[in-house]
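In the working numbering, the protein residues as written are 2 to 340. One structure below.
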Ligand code: DAH
């Protein structure tokens, strides 16, 4: 027995642990569930009583020696593993992916800033609208031929409901529920039943403006639009108003801004006219004021409606309206640096 213990002690001391595999073999041999030391313990019965204690202690010492050797080598192995992980602290970190803002949002935000500088608030209204606010209240009664100008999506369950065809519907709501004077703009999405192409879509964006007070004049409208054009398109921008027709304004005009790309000389974008059409405007029709409960003998006002998609397309030279609603990251990524 003593011989065996000495032999095992020698084996433990001299065991070459030169890698993970050797360490594992050592563990199995001396510490595993069927290790050789256990066999020694089981042989203790055959040892004469007076020697048992000493033999037991020797086997225990062997066990401790095996455990110590194992612990020491496994610590070393772990340390080695840790230091082998190559971390280069001088490498630059991973860059954060910046999100980008949608060109429609960028344009809306800059127009809101421009108008809030001259005291305009921002209003909102529902996209599912009733006939009164979208049509009848705005001087477009049933059977009015101008209703055909705006191919409407009606809500099947209730023909009085529709998807608003223009943000002018919010004019009515604001006039009905606000104290005068009113100075507000309304950005929003509108819907029309149009075939989808590079130049038309069944939904798009408008921004409505409304100013009602005593003695608001057409000159105020012109000056406000000129101020906007120069703030948005640059200080050399000019505006042009072409007589037009809208049921809710009288007189009415179409608003053009001088082409900022060719400075009015004529190019592909302005179709060689030197002018870009960006919306409609006019003096609020007295009938509309009356419909909203405002006294047209005391108050006057102007209104305008811009096509936001069109302005974004001109500003960023986007040649297909559909790009604005396809959520193609390759397209949207380009607007990272623009705000
Ligand atoms: N609502 C008109 C449209 O969608 C645009 C418009 C024209 C709005 C004249 C106005 C306005 O407020 O005064 O075509």
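Every residue, glycine too, gets a C-beta built ideally from N, C-alpha and C. In this text the structure is predicted, and so the values were computed from the model without any measurement.
Check: Helix, strand or coil at residue 102 [DSSP, three-state]; Outcome: coil
Check: Cβ neighbours of residue 131 in the same chain (closer than 7 Å, five flanking residues each side left out); Outcome: 161 and 162
Check: For residue 143, the first and last residue of its enclosing beta strand (DSSP E); Outcome: Counting along the chain, residue 143 falls outside any beta strand (DSSP E), and DSSP gives it neither H nor E.
Check: Any non-hydrogen atom of ligand 1 within 7 Å of residue 253 CB; Outcome: yes
Check: Assigned secondary structure, residue 247 (DSSP; H/G/I helix, E/B strand, else coil); Outcome: strand
Check: Proximity winner among 19, 32 and 41, relative to residue 8 (alpha-carbon distances); Outcome: 41
Check: Backbone CA spacing between residue 210 and residue 89 [nearest angstrom]; Outcome: 58 Å
Check: beta-carbon residue 250 near ligand 1 non-hydrogen atom, thresh 7 Å; Outcome: yes
Check: As assigned by DSSP and simplified to three states, the class of residue 180; Outcome: coil
Check: Whole-angstrom distance between residue 86 and residue 124, CA atom to CA atom; Outcome: 59 Å
Check: Residue 66 to residue 48 span [Cα, whole Å]; Outcome: 22 Å
Check: Beta-carbon gap between residue 336 and residue 111 smaller than 8 Å; Outcome: no
Check: Supposed close pair residue 134, residue 173 - CB separation, criterion 8 Å; Outcome: 4 Å
Check: Other residues of its chain near residue 332: CB distance less than 7 Å, five sequence neighbours each side excluded; Outcome: 324
Check: Sequence ranges, alpha helix (DSSP H) only - wholly within the region 13-96, length at least 4; Outcome: 21-31, 37-44 and 50-85
Check: Residue 230: CB within 7 Å of a non-hydrogen atom of ligand 1; Outcome: no
Check: Three-state class that DSSP yields for residue 259 in the structure shown; Outcome: strand
Check: Contact check, residue 271 vs residue 282, beta carbons under 8 Å; Outcome: no
Check: From 113, 257 and 10, residue whose alpha carbon lies closest to that of residue 380; Outcome: Lying before the first or after the last residue shown, residue 380 is absent from the chain, which here runs from 2 to 340.
Check: Proximity test, residue 207 beta-carbon vs ligand 1 heavy atom, cut-off 7 Å; Outcome: yes
Check: Proximity test, residue 145 beta-carbon vs ligand 1 heavy atom, cut-off 7 Å; Outcome: no
Check: Residue 231 to residue 117 span [Cα, whole Å]; Outcome: 15 Å
Check: Residue 167 beta carbon near ligand 1 (any heavy atom closer than 7 Å); Outcome: yes
Check: Residue 174 (DSSP reduced to helix, strand or coil); Outcome: helix
Check: Coarse secondary structure for residue 340, derived from DSSP in three states; Outcome: Since pLDDT at residue 340 reaches only 49, below the 50 mark, its modelled position is unreliable, and no value is offered.
Check: Spatial neighbours of residue 147 in its chain, beta-carbon cut-off 7 Å, leaving aside the 5 residues before and after; Outcome: 141 and 248
Check: Proximity of residue 184 and residue 212 at Cβ, strictly below 8 Å; Outcome: yes
Check: Paired residues, beta bridge with residue 282 - DSSP; Outcome: 254 and 305
Check: C-alpha gap between residue 250 and residue 285, whole angstroms; Outcome: 4 Å
Check: Any non-hydrogen atom of ligand 1 closer than 7 Å to residue 304 Cβ; Outcome: yes
Check: Three-state class that DSSP yields for residue 212 in the structure shown; Outcome: strand
Check: Top-ranked residue by Cα proximity to residue 240, from 214, 334 and 277; Outcome: 277
Check: Residue 304 vs residue 108 beta-carbon contact at 8 Å; Outcome: no
Check: Beta-carbon proximity of residue 256 to residue 242, cut-off 8 Å; Outcome: yes
Check: Expected contact under 8 Å - CB spacing of residue 188 and residue 113 to nearest Å; Outcome: 7 Å
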